[in-house]
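As structure tokens, the structure follows; a few thoughts come after it.
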Amino acid sequence: MSRPRTRANPNPQEPDLANLVATLQRQLQEQQQETNQLREQVAQLNQIPQANEIPPRMKPPEFEGTTDPLVADNWLIDIQVILDFMGLTEHEKVLCASFALKKDARHWWKTVQMRRNVANMDWQDFVAEFNTMYYNGEILAVQQDEFTSFKQGSMSVVEAVNKFEQLSRLCPELVPNEKEKVRRMMKMFRTDISKQVSAGSSPPTLVADCISRAMRAEYWINQDKEARAQIFKAKKEEKVMEKQLQPRQNQETNLKGQTSNPNQYSKQFGRNKRKGNAMGQGQQRNYPQKKNNRGNEGNNNNNYPVCAQCGRKHLGPEPEPSVPE
Numbered sequence: 004m005s006r007p008r009t010r011a012n013p014n015p016q017e018p019d020l021a022n023l024v025a026t027l028q029r030q031l032q033e034q035q036q037e038t039n040q041l042r043e044q045v046a047q048l049n050q051i052p053q054a055n056e057i058p059p060r061m062k063p064p065e066f067e068g069t070t071d072p073l074v075a076d077n078w079l080i081d082i083q084v085i086l087d088f089m090g091l092t093e094h095e096k097v098l099c100a101s102f103a104l105k106k107d108a109r110h111w112w113k114t115v116q117m118r119r120n121v122a123n124m125d126w127q128d129f130v131a132e133f134n135t136m137y138y139n140g141e142i143l144a145v146q147q148d149e150f151t152s153f154k155q156g157s158m159s160v161v162e163a164v165n166k167f168e169q170l171s172r173l174c175p176e177l178v179p180n181e182k183e184k185v186r187r188m189m190k191m192f193r194t195d196i197s198k199q200v201s202a203g204s205s206p207p208t209l210v211a212d213c214i215s216r217a218m219r220a221e222y223w224i225n226q227d228k229e230a231r232a233q234i235f236k237a238k239k240e241e242k243v244m245e246k247q248l249q250p251r252q253n254q255e256t257n258l259k260g261q262t263s264n265p266n267q268y269s270k271q272f273g274r275n276k277r278k279g280n281a282m283g284q285g286q287q288r289n290y291p292q293k294k295n296n297r298g299n300e301g302n303n304n305n306n307y308p309v310c311a312q313c314g315r316k317h318l319g320p321e322p323e324p325s326v327p328e
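Going by my numbering, the sequence shown opens with residue 4, and the numbers climb by one from there.
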């Protein structure tokens with residue numbers, strides 16, 4: 004017997020295509036998310052700058068840590084200028100700045116990394132952490148005292164203004180507005196400069212105007228000092244020349260006087276000659292003088308008796324007269 008034929012099912016069960024498509028899309032999305040995460044991680048690793056990849060002119064200055072807030076403030080300003088010029092994002096600025104930290108500053112940054120997640124830290128958060136470390140209350144109190152008592156002294160206007168700006172950045176509560184900053188700056192300048200800056204019917208109300216007036220006042224004050232110094236120098240040289248010419252003039256006057264009055268010159272010459280002879284005699288050797296026997300005999304004849312024959316004084320008999328030959 005033959006087996007009866009079975010007729011095929013004309014409508015077999017079709018697979019659920021919609022669910023399959025949804026499953027595939029979900030898997031693709033998950034793969035895409037994983038790929039994006041891997042790319043971000045690789046990008047973060049590649050964002051860390053290397054020393055040989057940074058141009059020398061754009062290389063951020065190194066910071067080793069300090070107790071001087073002015074040094075820390077200067078470093079923060081310098082590196083921020085470089086980072087802005089490089090066109091980095093907020094997080095890239097943090098990576099680049101942390102790369103420039105050395106020694107004590109590097110240890111401080113490690114403590115920050117242990118305390119909080121720095122993977123998504125922006126630049127403002129970095130600055131806040133930096134200020135907390137290097138601008139504590141005790142240091143700021145010292146800077147406030149220095150700022151309130153700061154004077155220009157022997158510094159130029161530019162040097163004094165730079166110092167004033169540094170201290171004012173550390174003490175923003177002392178200069179809350181432009182007017183107060185101008186007032187403190189006027190007190191900081193020397194008296195001769197502040198007088199000229201505040202002269203006139205319209206004193207400065209802006210910091211830029213105050214600095215500009217102070218620089219002009221300093222220029223003219225220096226010009227006046229230089230002119231006075233030149234006058235003083237000329238007078239001093241004139242006095243030196245007079246002292247050098249005075250002995251020569253006295254000598255010429257003496258020579259003219261001697262020529263016009265020869266008698267006085269001869270008298271003076273005679274006195275000098277006698278003085279010279281006296282000094283010469285005083286220096287000569289004393290030789291023994293010869294005795295004058297005749298003079299002594301003449302003096303002794305006065306004591307002899309008078310001779311009765313010849314009437315002369317002598318001893319013994321009358322001397323015989325000498326007979327010419």
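Using N, Cα and C, we set each Cβ at its ideal position, and we do this for glycine too.
Same chain, Cβ closer than 7 Å to Ala220, neighbours up to 5 away in sequence not counted: Ile196, Gln199, Val200
Kindly indicate which three-state DSSP category Leu91 falls into: helix, strand or coil? In this structure, Leu91 counts as coil in the three-state DSSP scheme.
Identify whether Lys105 lies in helix, strand or coil by the three-state DSSP scheme. coil
Determine the burial state of Arg186: buried for a count of at least 16 other Cβ atoms within 10 Å of its Cβ, exposed for fewer. exposed
Roughly how far, in whole angstroms, is the beta-carbon of Gln146 from the beta-carbon of Leu170, given that I think they are within contact range, below 8 Å? 6 Å
Which value, in whole angstroms, describes the spacing of the CA atoms of Lys105 and Gln32? 43 Å
Roughly how many whole angstroms lie between the Cα atoms of Cys99 and Glu37? 27 Å
Measuring alpha carbon to alpha carbon, tell me which of Val164, Thr92, Thr114, Asp76 ends up nearest Leu173. Asp76
DSSP has Val309 in a bridge; who is on the other side? Here Val309 is bridged, per DSSP, to Lys316.
I think Trp111 touches Gly68, with their Cβ atoms under 8 Å apart; what is that distance to the nearest whole Å? 7 Å
Compute the distance between the beta-carbons of Gly209 and Glu183, then report whether it is under 8 Å. The sequence as given places Leu at residue 209; Gly does not occur at that position. Not in contact: Leu209 and Glu183 (Cβ atoms no closer than 8 Å).
CB of Val97 within 8 Å of CB of Phe129, strictly: Yes. Within cutoff.
Residue(s) in a DSSP beta bridge with Phe66: Leu104
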